[in-house]
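K.L.:
Okay, handing you the structure first.
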Amino acid sequence: MIDQAVPRFHAAVDLGASSGRVMLGRWADGRLSLIEVHRFPNGPITQDGRLRWDAERLFEETLVGLAEAVRIAEAAGGVLDGIGIDSWGVDIALVGVGTGTAFPSGLASRFPTVPHHRGADADGPARAAVLVDAATAYAVTGVLEQTINTSYQLRSRAEELDVRRADGGRPTVLLVPDLWVWLLTGVVGAERTIASTTQLLDQGTGDWAAELIRRWGLDGFDFPPVVAPGTVAGPTTPEVTARLGSSVPIPVHRVAEHDTASALAFARPHGAELLVSSGSWSLVGVCLPAAVLTEHARAAGFTNEAGVAGSSLLLRNLAGMWLLTECARAWSAEDGSAVDLVDLVAAVSEMEGDAATDVTPAVFDVADPRLLVPGDMPERIATLCRETGQRPPGGRSDVVRTVVESLAVAYAETVRACEAITGVTIRSVRIVGGGSRNRLLCARTAARTGLPVTAGPAEASALGNLAVQLVAAGHAPSLDTVYRHGQDDHDDHDHERTPT
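Under the UniProt record's numbering, the first residue of the sequence shown carries the number 1, and numbering increases by one thereafter.
So, in structure tokens, the structure goes:
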């Protein structure tokens, strides 16, 4: 029997496109409390003329946060019982043979580089399609042909590196959270949810798609064994344990390492609830028992990603809070001072229903590729509105309303598309992640979909990360237990259907 009275401490390393943080979870008496012990900025850097992630700094910040988590846990009379890492998908490092990066006995001798997906070759999909057409690749992997895909990034790397070495050695491919696990433990592996973002995982077997890898000329790389979430990779190395100031080695868990899978770890595979993981991007869709590999799903813009407990997530990748963040960045540059986006959105939300806001805002396509890169977002939005014969938003409040309304319309359209593909009627919407705190977005989603909307938890990725760890460590009996009884005021609130 599990003794839930003994406090257990687990750390969730949650890496996002604009920031990373280390969250400490304390599980006792069937309740989970979360503490943010360290937060740090993230973003691309230019190195050797190429766009990359500042991976070495990000890992150093991770160690700072984990050391603080160890300190807090041991000051409370416990130890840090586990670590889990989740992050964005697709981006990879090459380690080992031919890369100048030796396998660590704690830390790398030369820190691996992680190219940024925004620097990927724009011709990647077209060049790959010459070898394997997009429909065939989708029928195996369930992943859409997008420039950022790991498959296309690796094709470019294969052309740069001599991956077919005479000595038979091959560089090992690690996605970001798997890289972190390797740096902490020295153990290589590929957790299934993050591996499913690569366009190289066979949805039928749950293993690497060997034939696609061969046909795309990627068999000069070493792909580690695919492992399920909820397993232990190994303990921290002696060097890492000492660096963290821990009295004992710390187990490092393979959680649902794709942040979307962690955020949606609570989802049941019945397809009747629209799931919105709302952060910098909106991942919108349903949880199902198996992937949908049809041409209908591909044509409708859906990708398939692995979830927890063998489930599959049928998702559209849309813009999200990134649009507002970029608008705020442009306004800050214009003003010469920071724009408080939270206050601006709250003010617009309070204005809803006033006579001044009775005019329905313009709506634009949040999936337009022009919105994917940094720049003057207010002007891009105005351009999209003009191109569709609409009056562009005027002041900043109008821009906020236009962005939020456009997201809500996209979510409503995704409801209809999911129903057409799965044949399952969607009866509710749940928004998780940072966007769940945007009450205007939740209210407009309820209005546009005509469905009840539940918002929260806002810390969904960290909560899912911790829940998988707690179950894997035997500290909680099930994910449902953590979600039903473990949430400690995680900002859940409901929005009923309202007239449009």
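Every residue gets a Cβ at the ideal spot worked out from N, C-alpha and C, and that includes glycine.
Cα-Cα, which of 456, 322, 55, 437 is closest to residue 349?
P.N.:
Indexing the sequence shown from 1 puts residue 349 at position 349. When only C-alpha atoms are compared, the closest one is 437.
K.L.:
Any C-beta of chain D sitting closer than 8 Å to the C-beta of residue 137?
P.N.:
The chain labelled as chain D is not found in the depicted structure, where only one protein chain is given.
K.L.:
Do residue 461 and residue 263 come within 8 Å of each other at the CB atom, strictly closer than that value?
P.N.:
Along the sequence shown, read from residue 1 onward, the residue named residue 263 stands at position 263. Along the sequence shown, read from residue 1 onward, the residue named residue 461 stands at position 461. Cβ atoms of residue 263 and residue 461: closer than 8 Å.
K.L.:
Taking the alpha-carbon of residue 65 as reference, which of 91, 138, 244 has the nearest alpha-carbon?
P.N.:
Working through the sequence shown from its first residue, we reach residue 65 at position 65. Residue 244 is the option with its Cα nearest to residue 65.
K.L.:
Looking at the secondary structure, which residues open and close the beta strand (DSSP E) in which residue 428 lies?
P.N.:
Position 428 of the sequence shown, counted from the first residue, corresponds to residue 428. Here the beta strand (DSSP E) through residue 428 covers 428-432.
K.L.:
Within the chosen definition, does the region 315-322 reach the region 213-223 through at least 3 CB pairs nearer than 8 Å?
P.N.:
no
K.L.:
Kindly indicate which three-state DSSP category residue 180 falls into: helix, strand or coil?
P.N.:
Within the sequence shown, numbered from 1, the residue matching residue 180 stands at position 180. Residue 180: helix per DSSP, three-state reduction.
K.L.:
To the nearest angstrom, how far is it from the Cα of residue 407 to the Cα of residue 442?
P.N.:
In the sequence shown, counting from the first residue as 1, residue 407 sits at position 407. In the sequence shown, counting from the first residue as 1, residue 442 sits at position 442. Taking the straight line joining both Cα atoms gives about 10 Å.
K.L.:
What residue does the beta strand (DSSP E) around residue 22 start on, and which one ends it?
P.N.:
By one-based count along the sequence shown, residue 22 stands at place 22. It spans 19-28 - the beta strand (DSSP E) in which residue 22 sits, taken as one unbroken run.
K.L.:
Give me the Cβ distance between residue 380 and residue 372, rounded to the nearest whole Å; I'm assuming they're in contact under 8 Å.
P.N.:
Residue mapping note: residue 380 aligns to position 380 of the sequence shown, counting from 1. Residue mapping note: residue 372 aligns to position 372 of the sequence shown, counting from 1. No, residue 380 and residue 372 are not in contact; Cβ-Cβ is about 10 Å, not under 8 Å.
K.L.:
Measure the beta-carbon distance from residue 56 to residue 111 and round it to whole angstroms, keeping in mind my assumption that it falls under 8 Å.
P.N.:
For the purposes of this step, residue 56 is taken as residue 56 along the sequence shown, with counting starting at 1. For the purposes of this step, residue 111 is taken as residue 111 along the sequence shown, with counting starting at 1. Between residue 111 and residue 56 the Cβ distance is about 4 Å, and since that is below 8 Å, they are a contact.
K.L.:
Which whole-angstrom value describes the C-beta separation of residue 30 and residue 475, a residue pair presumed to lie in contact below a C-beta threshold of 8 Å?
P.N.:
Residue mapping note: residue 30 aligns to position 30 of the sequence shown, counting from 1. Residue mapping note: residue 475 aligns to position 475 of the sequence shown, counting from 1. The Cβ separation is near 11 Å, so there is no contact.
K.L.:
Who are residue 271's beta bridge partners in DSSP?
P.N.:
The sequence position of residue 271 within the sequence shown is 271, counting from 1. Note: residue 271 sits in no beta bridge, so no partner.
K.L.:
Where do the ends of the beta strand (DSSP E) carrying residue 223 lie?
P.N.:
Counted from its first residue, the sequence shown places residue 223 at position 223. It is not in any beta strand (DSSP E) - residue 223 carries neither H nor E in the DSSP assignment.
K.L.:
Does the pairing of the region 449-458 with the region 420-437 give three or more beta-carbon distances under 8 Å?
P.N.:
yes
K.L.:
Under DSSP, the alpha helix (DSSP H) around residue 343 begins and ends at which residues?
P.N.:
Translated into the one-based positions of the sequence shown, residue 343 becomes position 343. Note, residue 343: alpha helix (DSSP H), 341-351.
K.L.:
Give the DSSP-derived three-state secondary structure of residue 443 in the structure shown.
P.N.:
Working through the sequence shown from its first residue, we reach residue 443 at position 443. Looking at residue 443 - three-state DSSP - the assignment turns out to be helix.
K.L.:
Give the straight-line distance between the Cα atoms of residue 323 and residue 280, rounded to the nearest whole angstrom.
P.N.:
The sequence position of residue 323 within the sequence shown is 323, counting from 1. The sequence position of residue 280 within the sequence shown is 280, counting from 1. Their Cα atoms are separated by approximately 8 Å.
K.L.:
Within its chain, find whatever has a CB closer than 7 Å to the CB of residue 472; leave out the 5 residues flanking it on each side and keep chain order.
P.N.:
Against the sequence shown, residue 472 aligns to sequence position 472. Residues of the same chain with a CB within less than 7 Å of the CB of residue 472, apart from the 5 flanking positions on each side, are 230, 231, 232, 253 in chain order.
K.L.:
What does the Cβ neighbour count give for residue 148, buried or exposed, with the cut at 16 atoms within 10 Å?
P.N.:
If you number the sequence shown from 1, residue 148 lands on position 148. Buried, since its Cβ has 16 or more Cβ neighbours within 10 Å.
K.L.:
Which of the three DSSP states, helix, strand or coil, is assigned to residue 9?
P.N.:
Mapped onto the sequence shown, residue 9 falls at position 9. Strand at residue 9.
K.L.:
Going by beta-carbon coordinates alone, are residue 177 and residue 194 separated by less than 8 Å?
P.N.:
Taking the first residue of the sequence shown as position 1, residue 177 is located at position 177. Taking the first residue of the sequence shown as position 1, residue 194 is located at position 194. Contact: yes.
K.L.:
Near residue 25, which residues of its chain fall below 6 Å by C-beta distance, leaving aside the five closest residues on each side in sequence?
P.N.:
One-based indexing of the sequence shown puts residue 25 at position 25. 10, 32, 34, 466.
K.L.:
With a threshold of 7 Å, establish whether the CB of residue 351 neighbours any heavy atom of the ligand GDP.
P.N.:
With respect to the ligand GDP, the structure shown offers nothing to examine, as it has no ligands at all.
K.L.:
Starting from the Cα of residue 367, find the closest Cα among 329, 337, 341, 301 and give me that residue.
P.N.:
Numbered from 1 along the sequence shown, position 367 holds the residue referred to as residue 367. Comparing Cα-Cα distances from residue 367 to each of 329, 337, 341, 301, the minimum goes to 301.
K.L.:
Roughly how many angstroms lie between the CA atoms of residue 328 and residue 361, to the nearest whole one?
P.N.:
Position 328 of the sequence shown, counting from 1, holds the residue named residue 328. Position 361 of the sequence shown, counting from 1, holds the residue named residue 361. The alpha-carbon atoms of residue 328 and residue 361 are separated by roughly 19 Å.
K.L.:
May I ask which residues mark the beginning and end of the beta strand (DSSP E) holding residue 124?
P.N.:
Within the sequence shown, numbered from 1, the residue matching residue 124 stands at position 124. Run containing residue 124: none in the beta strand (DSSP E); it sits in the alpha helix (DSSP H), 124-129.
K.L.:
Go through its chain and collect everything with a Cβ distance to residue 268's Cβ below 7 Å, but skip five positions before and after it.
P.N.:
Numbered from 1 along the sequence shown, position 268 holds the residue referred to as residue 268. Counting only Cβ-Cβ distances below 7 Å, and skipping sequence neighbours, we find 287.
K.L.:
Could you tell me the alpha carbon to alpha carbon distance between residue 400 and residue 346, rounded to whole angstroms?
P.N.:
Locating residue 400 in the sequence shown gives position 400, counting from the first residue. Locating residue 346 in the sequence shown gives position 346, counting from the first residue. In a straight line, the C-alpha of residue 400 is about 10 Å away from that of residue 346.
K.L.:
Taking the C-alpha atoms as reference points, what is the distance between residue 8 and residue 174?
P.N.:
Taking the first residue of the sequence shown as position 1, residue 8 is located at position 8. Taking the first residue of the sequence shown as position 1, residue 174 is located at position 174. Cα to Cα, the separation comes out at about 30 Å.
K.L.:
In terms of alpha-carbon separation, which member of 464, 339, 272 lies closest to residue 423?
P.N.:
Position 423 of the sequence shown, counted from the first residue, corresponds to residue 423. Distance from the Cα of residue 423 is smallest, within the candidate group 464, 339, 272, for 272.
K.L.:
Where residue 189 and residue 289 are concerned, what is the direct C-alpha to C-alpha distance, given to the nearest angstrom?
P.N.:
Position 189 of the sequence shown, counting from 1, holds the residue named residue 189. Position 289 of the sequence shown, counting from 1, holds the residue named residue 289. Distance between the alpha carbons of residue 189 and residue 289: 25 Å.
K.L.:
Using three-state DSSP, classify residue 208 as helix, strand or coil.
P.N.:
Sequence index remark: in the sequence shown, residue 208 carries index 208 (1-based). Residue 208 falls in the strand class under three-state DSSP.
K.L.:
In angstroms, rounded to a whole number, what distance separates the CA positions of residue 394 and residue 238?
P.N.:
In the sequence shown, residue 394 corresponds to position 394, counting from 1. In the sequence shown, residue 238 corresponds to position 238, counting from 1. So the two alpha carbons sit approximately 58 Å from each other.
K.L.:
Tell me, please, which residues DSSP counts as bridged to residue 252.
P.N.:
As a position in the sequence shown, residue 252 is number 252, starting the count at 1. Looking at the DSSP assignment, residue 252 forms a beta bridge with 83, 234.
K.L.:
Along the chain, where does the alpha helix (DSSP H) containing residue 511 start, and where does it finish?
P.N.:
One cannot answer for residue 511 here, as it falls past the ends of the chain, which runs 1 to 500.
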